[in-house]
Amino acid sequence: MNPFLWLIDTIIDIYIWIMIASAVLSWLIAFNVVNTRNPIVNNIGEFLYRVTEPALRPIRNMLPNLGGIDISPVILIILLLFLKQFIFWAYLKLFI
165 MNPFLWLIDT
175 IIDIYIWIMI
185 ASAVLSWLIA
195 FNVVNTRNPI
205 VNNIGEFLYR
215 VTEPALRPIR
225 NMLPNLGGID
235 ISPVILIILL
245 LFLKQFIFWA
255 YLKLFI
């Protein structure tokens, strides 16, 4: 595999796992399993929010109000997987 493609694949995979971690942490906070007054939990939550929110905000603005359900992480993960497949397809069409 091309090193550039490997790098893009790895970055997208890491970002997808960060999205999943952010969703799980938000559920744990919502159900009072973890306390945000804990400095470690607060720092992790703040980091995950700062990394994921710039990508999620435009998707949330386009989606209709679904009550308390936020499906923007699912949509972003699907878009990232599509982007990854498109990049591999374009590479194969252009260079092989």
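Okay, so the sequence shown: first residue is 165 according to the numbering used here, each after it adds one. Each residue gets a CB set at the ideal place from its N, CA and C atoms; glycine is no exception.
*Which runs of the beta strand (DSSP E) fall wholly inside the region 165-238 and span at least 3 residues, in chain order?*
none
*Work out the CA separation of residue 258 and residue 232 for me, nearest whole Å.*
Counting from one through the sequence shown, the residue named residue 232 turns up at place 68. Counting from one through the sequence shown, the residue named residue 258 turns up at place 94. Cα-Cα distance, rounded: 44 Å.
*At a cut of 8 Å, does the region 169-181 reach the region 190-204 through at least three beta carbon pairs?*
no
*Can you tell me which of 166, 183, 246 and 165 puts its alpha carbon nearest to the alpha carbon of residue 220?*
On the sequence shown, residue 220 is found 56 positions in, with the first residue counted as 1. Checked all of 166, 183, 246 and 165; the closest Cα to residue 220 is 183.
*Nearest-angstrom beta carbon gap, residue 244 and residue 176 [assumed within contact, 8 Å]*: Within the sequence shown, residue 176 is the residue found at index 12, counting from 1. Within the sequence shown, residue 244 is the residue found at index 80, counting from 1. About 5 Å; that satisfies the 8 Å criterion.
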